[in-house]
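Here is the structure we will look at, set down as structure tokens.
Chains as they are written, first to last, in the numbering used here: chain A, 15 to 193; chain B, 15 to 193; chain C, 15 to 193; chain D, 15 to 193.
Structural data, given as structure tokens:
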């Protein structure tokens with residue numbers, strides 16, 4: 015399948031929380047929701063991270079991987095990995111969180127630079143083939159992001175025949191999708 | 015394609031607002047979101063109807079039809095079509111709304127009886143082949159209903175070859191889906 | 015005590031719900047919160063009436079009387095006393111509600127005209143001497159209206175010596191004030 | 015005036031933000047709202063601190079002093095004064111904030127111990143004579159706290175004759191109280 019969508023840039027990470035180190039290549043076959051945040055960013059705390067937690071609860075782990083990316087570009091002394099560990103504990107964030115790697119001589123960390131993000135929160139959707147499909151700075155509505163993720167979940171992989179009979183029996187508790 | 019999903023019961027309607035009379039058969043090929051409500055039901059007003067409006071804004075009309083169903087089973091004298099017309103105007107509800115037909119000798123209207131609804135709000139999802147896929151009484155989370163609708167939008171119709179290259183380019187404003 | 019505050023206009027009422035007929039003169043000695051609303055006004059339903067209910071729960075009835083005023087100026091056929099009765103039941107509004115009296119030849123009811131209200135919701139605060147102290151069209155913040163009501167509750171009546179030792183022992187459940 | 019209300023314990027502070035060092039004695043004559051919080055406490059960030067900011071906007075500074083107290087009893091390495099400075103900047107907290115003094119050999123800081131607080135957030139109301147009038151752990155409703163503060167603002171000081179004619183002309187933007 016040819017496509018105009020670019021491959022997602024690799025994550026450049028100095029430390030992982032809640033998981034052993036992983037790469038986007040490890041997640042091929044699953045949709046990836048990458049939530050770039052700072053622990054002292056009000057919009058991240060009030061909206062983006064609760065939404066990421068709800069995404070993780072709504073979709074099965076086999077279908078969708080939710081990953082946090084702590085992309086600190088200001089107040090570096092205040093948002094250290096030590097502080098982040100306490101933050102993740104207090105806010106009960108249980109999905110994997112990567113610390114975006116520092117770039118010598120720049121306040122902006124490496125992954126944030128590679129994606130040319132405008133700030134935090136930034137939500138990235140990466141499809142099952144590892145291509146960047148959405149990059150959004152700011153708030154996203156729950157209804158729209160739920161639909162967008164499901165659209166990517168349902169995309170056929172090249173060389174794989176989809177079976178309509180295997181489609182989901184959704185209910186309120188989420189969508190039980192074929193594994 | 016064989017399926018365990020039952021065909022959705024026909025709507026039994028005495029009056030339409032915001033649209034000429036229509037049937038579920040007219041909507042074949044589109045996903046139908048049917049929102050059964052009463053205009054004096056607090057949960058309908060605070061949650062279900064705003065969610066239905068947001069669904070109508072998020073998905074294209076070619077893909078998803080949002081239909082209100084005014085299923086009055088109490089306070090009949092207070093929730094007449096005259097009152098409903100004012101309600102729809104004040105709450106800026108612009109999608110088609112059907113008045114569920116009165117059944118002689120029963121407080122419960124005809125469509126509500128056919129679906130054996132427990133109360134209002136009840137949300138029904140009907141797939142592109144006219145089959146009932148979800149019936150839920152009470153509140154639904156935006157993220158889950160967005161995903162569920164998109165799952166149905168993306169189901170292939172029998173005899174139609176899906177084209178993976180035609181998949182959506184979603185953005186924050188909604189999902190621009192193939193027509 | 016002389017004062018620049020005008021006496022509140024008498025209520026002109028065709029029907030009462032949740033209480034026998036009463037007048038502002040009957041309420042002298044108490045602060046009156048008068049909430050003018052229409053049952054099909056979205057801002058009244060989502061904000062003003064829930065706030066009025068919370069005011070009634072926070073302050074003692076001996077100190078503060080919360081009164082609804084159904085001031086219909088549009089969609090008269092949709093907002094009849096029959097419809098209002100069902101509305102009050104469904105929204106569990108238990109404080110007294112007056113139906114603002116119709117004025118022959120005008121869409122605007124009598125009390126609404128007397129106060130020159132701009133629309134609904136309008137919140138009126140009337141002090142213990144029956145004087146109008148606040149008239150506000152639109153939304154009021156909970157914190158500010160709580161403070162404003164308490165300021166009026168604590169105003170001394172002329173000829174009555176206040177006793178500082180009798181001041182309230184407030185707690186989270188509200189303010190237990192001297193009777 | 016005799017009273018059963020205890021004098022408020024002195025603040026034990028190692029550092030001040032947004033203000034030069036001050037004591038409760040300095041604030042005598044004003045009502046003090048003391049908000050004890052931790053910067054990584056979710057309930058503090060989502061509810062208690064926004065409420066404290068709204069209190070500061072609603073009441074005049076001459077009447078009510080809002081003071082934050084950073085009472086860290088867990089994750090000490092994550093909630094240093096350096097981190098707190100960044101937090102106050104990002105959350106635009108402009109009222110004075112005191113760092114509760116560390117007690118050697120204890121995780122619980124000195125002022126928190128003196129008041130026997132159960133956790134954070136804890137809201138304290140101190141009256142114009144420096145007496146503790148409310149101590150509440152957890153969430154407070156805006157309407158109730160607004161009323162409680164105003165009740166204390168209006169309490170006469172001993173030896174001062176209150177002047178009923180000087181009472182407030184409240185409006186939506188807050189309560190303009192006699193200085």
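Each residue gets a CB set at the ideal place from its N, CA and C atoms; glycine is no exception.
{"Item": "Measure the CB-CB distance between residue 89 of chain A and residue 111 of chain A and report whether it falls below 8 Å.", "Value": "no"}
{"Item": "By the 10 Å Cβ neighbour count, where 16 or more other Cβ atoms means buried, how is residue 160 of chain B classified, buried or exposed?", "Value": "buried"}
{"Item": "Taking CB distances under 8 Å as the criterion, tell me whether residue 160 of chain B reaches chain A.", "Value": "yes"}
{"Item": "Would you mind listing the beta strand (DSSP E) stretches within the stretch 133-160 of chain B that are 3+ residues and don't spill past its ends, in chain order?", "Value": "136-140, 146-151"}
{"Item": "Using a Cβ-Cβ distance cut-off of 8 Å, determine whether residue 218 of chain C contacts chain D.", "Value": "Past the edges of chain C, shown from 15 to 193, lies residue 218 of chain C, and the structure says nothing about it."}
{"Item": "Return the residue from the list D/105, D/79, D/54, D/104 that minimises the CA-CA distance to residue 39 of chain D.", "Value": "D/79"}
{"Item": "According to DSSP, is residue 91 of chain C part of a helix, a strand, or is it coil?", "Value": "helix"}
{"Item": "When DSSP labels each residue in this structure, what does residue 19 of chain D get in the three-state scheme?", "Value": "coil"}
{"Item": "Counting only Cβ-Cβ distances shorter than 9 Å, please list the residues of the stretch 39-65 of chain D near chain A, keeping chain order.", "Value": "52, 53, 54, 55, 56, 59, 60"}
{"Item": "At 3 residues or longer, what runs of the beta strand (DSSP E) sit wholly inside the stretch 70-134 of chain D?", "Value": "78-84, 111-114"}
{"Item": "Is residue 124 of chain A close to chain B? Criterion is C-beta to C-beta, closer than 8 Å.", "Value": "no"}
{"Item": "Put residue 9 of chain C into one of helix, strand or coil per three-state DSSP.", "Value": "Lying before the first or after the last residue shown, residue 9 of chain C is absent from chain C, which here runs from 15 to 193."}
{"Item": "Here's a check: name, in chain order, each residue in its chain whose Cβ is nearer than 6 Å to the Cβ of residue 67 of chain D, leaving out the five neighbours to either side.", "Value": "none"}
{"Item": "Can you give me, in chain order, the residues of the stretch 92-117 of chain B that have a beta carbon less than 9 Å from any beta carbon in chain C?", "Value": "92, 93, 94, 96, 97, 98, 99, 100, 101, 103, 104, 105, 106"}
{"Item": "Could you compute how far the alpha carbon of residue 108 of chain B sits from the alpha carbon of residue 48 of chain B?", "Value": "14 Å"}
{"Item": "So residue 89 of chain B contacts chain C; which residues on that side make the cut at Cβ distance below 7 Å?", "Value": "100"}
{"Item": "Spatial neighbours of residue 95 of chain A within its chain, please: CB distance less than 7 Å, with the 5 preceding and 5 following residues excluded, ordered by chain position.", "Value": "29, 113"}
{"Item": "May I ask you to verify whether the stretch 45-62 of chain D touches the stretch 126-139 of chain D, counting CB pairs closer than 8 Å and requiring at least 3?", "Value": "yes"}
{"Item": "Between which residues of its own chain and residue 126 of chain D is the CB-CB distance below 7 Å, once the five residues before and five after are set aside?", "Value": "50, 85, 87, 114"}
{"Item": "Measure from the C-beta of residue 72 of chain A to each C-beta in chain B and report whether the shortest distance is under 8 Å.", "Value": "yes"}
{"Item": "Check whether the stretch 163-170 of chain A and the stretch 16-26 of chain B touch, using three or more Cβ-Cβ pairs below 8 Å as the test.", "Value": "no"}
{"Item": "How far does the beta strand (DSSP E) with residue 48 of chain A in it extend, from its first residue to its last?", "Value": "45-51"}
{"Item": "Once you ignore the five residues that flank residue 105 of chain D on each side, which residues in its own chain have a CB closer than 7 Å to its CB?", "Value": "63"}
{"Item": "Under 8 Å between C-beta atoms, does residue 136 of chain C make it to chain B?", "Value": "no"}
{"Item": "Cβ of residue 105 of chain D versus every heavy atom of the ligand MG: is any distance shorter than 7 Å?", "Value": "This structure does not include the ligand MG; it has no bound ligands of any sort."}
{"Item": "Whose C-alpha, out of A/165, A/35, A/134, A/54, is nearest the C-alpha of residue 92 of chain A?", "Value": "A/54"}
{"Item": "Against chain A, with Cβ distances strictly below 8 Å, would residue 157 of chain B count as a contact?", "Value": "yes"}
{"Item": "Under the rule that 16 or more other beta-carbon atoms within 10 Å means buried, what is residue 97 of chain D, buried or exposed?", "Value": "buried"}
{"Item": "Can you pull the chain C neighbours of residue 68 of chain D, defined as C-beta to C-beta under 8 Å?", "Value": "155, 157"}
{"Item": "Closest Cβ-Cβ distance between residue 131 of chain A and chain B: below 8 Å?", "Value": "no"}
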